[in-house]
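Chemist: Below you will find the structure I want to go over with you.
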Amino acid sequence: MEEGAIYSAALVIPAISPPILDGAVAVKDGKLLFVGPRREARELGLGMRERHWPGILAPGLVNAHAHLQYTGMERLGKSVWPDFRAWAAAFNDMYEPIEASGASPWKDWAADGARRAALSGTTAIADVVTNWEAASALHDEGLGGIAYWEVMNETNEEWNESKETELAKRIRSIPGLAGISPHSPYSLDRVPLSRLPGIAKNLGARTHIHLAESPVERETEDPATEFKDWHSFKSKDFSDARKGGYGGSSVQYVDKLGVLGPECHIAHGVYLTAADRETLRKRKTAIAFCPRSNRVTGLDEPPIASCLLEGNLIAAGTDSLSSSPTLDLMDDVAELAILAKKQGYSAKDLHLRLVHAATLGGAIALGLGSGEGRIGQLGVGARADLAFFDIHVGSGANAIEDALAELAEGGGGKCACSFIAGIKKFGLLF
Ligand SMILES: [Zn+2]
Numbered sequence: 001m002e003e004g005a006i007y008s009a010a011l012v013i014p015a016i017s018p019p020i021l022d023g024a025v026a027v028k029d030g031k032l033l034f035v036g037p038r039r040e041a042r043e044l045g046l047g048m049r050e051r052h053w054p055g056i057l058a059p060g061l062v063n064a065h066a067h068l069q070y071t072g073m074e075r076l077g078k079s080v081w082p083d084f085r086a087w088a089a090a091f092n093d094m095y096e097p098i099e100a101s102g103a104s105p106w107k108d109w110a111a112d113g114a115r116r117a118a119l120s121g122t123t124a125i126a127d128v129v130t131n132w133e134a135a136s137a138l139h140d141e142g143l144g145g146i147a148y149w150e151v152m153n154e155t156n157e158e159w160n161e162s163k164e165t166e167l168a169k170r171i172r173s174i175p176g177l178a179g180i181s182p183h184s185p186y187s188l189d190r191v192p193l194s195r196l197p198g199i200a201k202n203l204g205a206r207t208h209i210h211l212a213e214s215p216v217e218r219e220t221e222d223p224a225t226e227f228k229d230w231h232s233f234k235s236k237d238f239s240d241a242r243k244g245g246y247g248g249s250s251v252q253y254v255d256k257l258g259v260l261g262p263e264c265h266i267a268h269g270v271y272l273t274a275a276d277r278e279t280l281r282k283r284k285t286a287i288a289f290c291p292r293s294n295r296v297t298g299l300d301e302p303p304i305a306s307c308l309l310e311g312n313l314i315a316a317g318t319d320s321l322s323s324s325p326t327l328d329l330m331d332d333v334a335e336l337a338i339l340a341k342k343q344g345y346s347a348k349d350l351h352l353r354l355v356h357a358a359t360l361g362g363a364i365a366l367g368l369g370s371g372e373g374r375i376g377q378l379g380v381g382a383r384a385d386l387a388f389f390d391i392h393v394g395s396g397a398n399a400i401e402d403a404l405a406e407l408a409e410g411g412g413g414k415c416a417c418s419f420i421a422g423i424k425k426f427g428l429l430f
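This is the structure in structure tokens:
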């Protein structure tokens, strides 16, 4: 048994309860033993040494959507593309020659991405894995979260039992927590898409899908032309449905196939109607917003204000460096704050809710918000994943609001130190 330690800070954000000025947490054996006012921690006489941080102590960040293996494709994420097709073409122009060359940089790039994400206070990630070599990155780099094995380009005709057996074998052999990521409704046919949630459930695994990311997925009154010379994927069902007159959104389409539910979370959710948002609430399906990626790939703004007002489960993700300038989750939180205000969200709780989205919201999206080993929160019994931010905390009546605003709008690059399961991950503090 280790000795344990108390970490106090000018402002502690537990995420499952209100922020605490001059707060503290006690850590022992990788878990939180106490969370509350600093004075109480002292009075308890825990016999632990106290380390004090004059800024903010938050739960470790949970990045709810990334592809760490594309870290080496960062050149693409530093531009802004005219539209999604142009970006997708540029992505393929870079990805395909790498695949053809047999160079296989994916493992190294995924490890590099994991390290970069950790340096900004991220302690858990929903990492979508396309190339097998990248599957162990989270585990190898000591990060929490889930490696989601991506399934795409599967057709009705070619899907069969041996593919399902092979898939189950793969998921079982991923070290750490593993899930299944059906790529999207337009890159998978109906049969494989509708089979994947059941396969995941039998393995005790979760699912994660790109949904309502591209304009062709939105509800339309002109379905026949919507898919015209658009998709480059092998599969066809969603496009066939469109050509056959189906104008429903991709959210309604996958809902009919049983894809949504509390064990699934979606990435992007840019083109969501009010009915789509309601469907996601009814299914308890969280949305990982990646607003910087949307901007880089020439897409529109996600409806963050509506989701906040209507009470959707929300999280934040960076996506990969092939479509985003950094793997710092707080940079996406800052973008969400700008968009929410621009879209008319004016309530005072904006900053706190966005910080919650990047911590507890992400944990809920990954099914890790409750139970043994829970993350994204500072609460007794939770895993001691901590992120210390170099944010000034004042002493006036608005001290909490001001510090939260600075964290949410300017927290990128401000993480000074982080811990995973009570062990220091990076930083010079303490
Ligand atoms: Zn993605």
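Mapping of the sequence shown onto my numbering: position 229 corresponds to residue 229, and the numbering continues sequentially without gaps.
Don't be surprised by glycine CBs; every beta carbon is placed ideally from N, CA and C.
If I follow the unbroken alpha helix (DSSP H) through Ala114, where does it start and stop?
Modeler: Ala114 -> alpha helix (DSSP H) spans Trp106 to Ala118.
Chemist: Express the C-alpha separation of Asp319 and Asp127 in angstroms, rounding to a whole number.
Modeler: Rounded to whole angstroms, Asp127 to Asp319 spans 9 angstroms at the Cα level.
Chemist: Per DSSP, Ala126 forms a beta bridge with which residues?
Modeler: Ile146
Chemist: I think Ser194 touches Ser235, with their Cβ atoms under 8 angstroms apart; what is that distance to the nearest whole Å?
Modeler: At roughly 13 angstroms, the Cβ-Cβ gap does not stay under 8 angstroms, so Ser194 and Ser235 are not in contact.
Chemist: Does the beta-carbon distance from Leu89 to Pro54 come in below 7 angstroms?
Modeler: Residue identity check: residue 89 is Ala in the sequence provided, not Leu. No.
Chemist: Return the chain-ordered list of same chain residues with a C-beta closer than 8 angstroms to the C-beta of Thr71, the five sequence neighbours on each side being excluded.
Modeler: Trp109, Ala110, Asp112, Gly113, Arg116, Ser320, Leu321 and Leu327
Chemist: Can you give me the Cβ contacts of Ala357 inside the same chain, cut-off strictly under 6 angstroms, excluding the 5 residues immediately before and after it?
Modeler: Ile314, Ala315 and Ala316
Chemist: Would you kindly report the start and end of the unbroken beta strand (DSSP E) that includes Leu196?
Modeler: Careful: Leu196 lies outside any beta strand (DSSP E), inside the alpha helix (DSSP H) at Arg190 to Asn202.
Chemist: Can you tell me which of the three DSSP states Ile364 falls into?
Modeler: helix
Chemist: Measuring alpha carbon to alpha carbon, tell me which residue in Thr297, Phe238, Glu50 and Leu309 is nearest Tyr345.
Modeler: Restricting attention to Thr297, Phe238, Glu50 and Leu309, the CA atom closest to the CA of Tyr345 is found in Leu309.
Chemist: Given 6 angstroms as the limit, tell me if Ala365 has its C-beta closer than that to any heavy atom belonging to ligand 1.
Modeler: Because no heavy atom of ligand 1 lies under 6 angstroms away, the Cβ of Ala365 does not count as near it: no.
Chemist: For a test of the three-state rule: what should DSSP assign to Ser162, helix, strand or coil?
Modeler: helix
Chemist: Would you kindly work out how many angstroms separate the C-alpha atoms of Ser79 and Glu3, rounded to a whole number?
Modeler: 49 angstroms
Chemist: Determine the burial state of Leu196: buried for a count of at least 16 other Cβ atoms within 10 Å of its Cβ, exposed for fewer.
Modeler: buried
Chemist: Measuring CA to CA, which of Asp276, Glu221, Glu219 and Leu257 is closest to Asp237?
Modeler: Ranking the options by Cα distance to Asp237, first place goes to Leu257.
Chemist: Starting from the N-terminal side, write out each stretch of the alpha helix (DSSP H) that is 4 residues or longer and does not extend beyond the stretch 27–80.
Modeler: 38–43 and 74–77
Chemist: Name the DSSP beta bridge partners of Ser8, please?
Modeler: Ala24 and His52
Chemist: Select from Glu158, Gly244, Leu336 and Pro302 the residue whose C-alpha is nearest the C-alpha of Leu503.
Modeler: Since the first residue shown for the chain is 1 and the last is 430, residue 503 is missing from the structure and cannot be characterised.
Chemist: Going by other Cβ atoms of all chains shown within 10 Å of its Cβ, with 16 needed for buried, is Arg39 buried or exposed?
Modeler: exposed
Chemist: Run through the DSSP bridge pairs and tell me what Thr207 is partnered with.
Modeler: DSSP lists Ile180 and Cys264 as partners of Thr207.
Chemist: Confirm, please, whether the CB-CB distance from Pro37 to Gly47 is below 7 angstroms.
Modeler: Judged by beta-carbon spacing, Pro37 lies beyond the 7 angstroms limit of Gly47, meaning their Cβ atoms are not closer than that value.
Chemist: Looking at Ala267 and ligand 1, is the gap between the Cβ and the nearest heavy atom below 6 angstroms?
Modeler: yes
Chemist: Got a sec: does ligand 1 put a non-hydrogen atom nearer than 6 angstroms to the Cβ of Asp127?
Modeler: no
Chemist: From Ile400 to Lys414, what does the alpha carbon distance come to, in whole angstroms?
Modeler: 17 angstroms
Chemist: How far does the beta strand (DSSP E) with Phe388 in it extend, from its first residue to its last?
Modeler: Leu386 to Phe389
Chemist: Buried or exposed: which applies to Asn160, given that a residue is buried once 16 or more other Cβ atoms fall within 10 Å of its Cβ?
Modeler: exposed
Chemist: Starting from Gly410 and walking both ways along the alpha helix (DSSP H), at which residues does that stretch end?
Modeler: Ala399 to Gly410
Chemist: Do Ala64 and Ala288 have their C-beta atoms closer together than 7 angstroms?
Modeler: yes
Chemist: Inspect the beta-carbon positions of Val129 and Ala363 and report whether they are closer than 7 angstroms.
Modeler: no
Chemist: If you measure from the CB of Asp319, is any heavy atom of ligand 1 nearer than 6 angstroms?
Modeler: yes
Chemist: Rank Ala147, Pro192, Leu272 and Lys282 by C-alpha distance to the C-alpha of Ser162 and give the top, closest one.
Modeler: Pro192
Chemist: Quick check on this structure: which residue in Ser8, Ser120 and Gly198 has the alpha carbon closest to the alpha carbon of Leu143?
Modeler: Ser120
Chemist: Could you tell me the alpha carbon to alpha carbon distance between Trp132 and Ile266, rounded to whole angstroms?
Modeler: Straight-line spacing of the CA atoms in Trp132 and Ile266 works out to 22 angstroms.
Chemist: Taking just the CA atoms, how far does Ile209 sit from Thr155?
Modeler: 17 angstroms
Chemist: Mind checking who Gly427 pairs with in its DSSP beta bridge?
Modeler: Cys417
Chemist: Among Gly244, Pro215 and Thr207, which residue has its Cα nearest to the Cα of Ala224?
Modeler: Among Gly244, Pro215 and Thr207, the Cα nearest to that of Ala224 is on Gly244.
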